[in-house]
Each structure stands twice: as C-alpha cells, then as structure tokens.
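Q: In terms of the working numbering, the sequence shown opens at residue 152 and continues consecutively. Virtual Cβ for every residue (Gly too), placed ideally from N, Cα, C. Predicted model only: the values in this text are computed from it and were never measured.
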Amino acid sequence: MWLLTASPTVLASIIARDLRLSGALGTTLEIREGRFTGEIEGELLHGPIKAAAAKDLAASLGADLSTCYAYSDSVADVPLLELVGHPVAVNPDPGLLALATERGWSIMWPEGTSRHEKSRTKKGREKR
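(1) On the DSSP bridge list, what partners appear for Ile191?
(2) With distance defined between alpha-carbon atoms, name the residue in Phe187, Gly189 and Val226 nearest to Gly198.
(3) Taking 8 Å as the threshold (C-beta atoms), are Leu172 and Ala205 in contact?
(4) Between the C-alpha atoms of Gly213 and Gly174, what's the straight-line distance to the nearest angstrom?
(5) Apply the 10 Å Cβ neighbour rule to Ala210 and answer buried if 16 or more other Cβ atoms are within range, or exposed otherwise.
(6) Note down, in chain order, each residue of its chain lying with its Cβ closer than 6 Å to the Cβ of Gly236, except the 5 sequence neighbours on either side.
(7) Taking all protein chains shown into account, do 16 or more other C-beta atoms lie within 10 angstroms of the C-beta of Thr283, making it buried, or fewer, making it exposed?
(8) Between Phe187 and Leu180, what straight-line distance do the alpha-carbon atoms span, to the nearest angstrom?
(9) Take Gly255 and list the residues in its own chain whose beta-carbon comes closer than 6 Å to its own, dropping the five residues that flank it on each side.
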C-alpha cells in the first residue's frame, strides 16, 4: 500500500513509515545547501500528474490497477480514481460527491458524520 499525495514527500514518507505502508510519493521540495528554498522540484503531485505517477508506480511494481483501491476527498483526484478498479470517495468535497454518486463509487464518511453534515456537503454542490 502506497501513499500518493500533493504534500511534500519528506512529510509523506514519515506518515507512510508510521502507518507501515510500502512507501510514499509526493511533491519534491527544492533543497539548496541543506535548506528548503520554498520552491518545488518538478511538478506538484496533483490531478493528472498524480494519476500518471500512480500508473508508473503500478507498472514498476507489476500491479494491476483494476484490482487496486484509491481513496480521496477531492475532485482533483478524479484522474487517479478513474485509473483503479475500486475508487472510494472519503468525506468528499461537493464535486467529488456528485461524481462518486453519479458513477456509483463507494463513499465513506467519518464516523459520527450526521445526516445534516452530509446534506450540507450536497447543498454546497448544488450552489456551484
């Protein structure tokens, strides 16, 4: 199991280690003379870039994406979710909620999320 995130790889790697995941891919931060510059190297691991990274990772591991799961809370991750056989929207933003509902994808909410809170998410979608 891998963590793919737009967050910096240096942070994602720590989270992956603590969760005993196989590894993490994230955004690479530029370092000069041992210090972060505030810039990124390459591209932000987001949207289609994240999906391409997942595809490359799966190929390098010999993984069949049709048997893989991907979890996301953001409509920005639709390209990634479309790659896998088991897409799951977790506490989705309004755009992802609409798409996941339309496509019949699994939707997970945090324990204790009230119907009212879920309804507000849906209403947020309607305003857009």
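A: In short:
(1) Leu180
(2) Val226
(3) no
(4) 15 Å
(5) exposed
(6) Ser217 and Thr218
(7) Residue 283 is absent from the structure shown; the chain starts at 152 and stops at 279.
(8) 7 Å
(9) none
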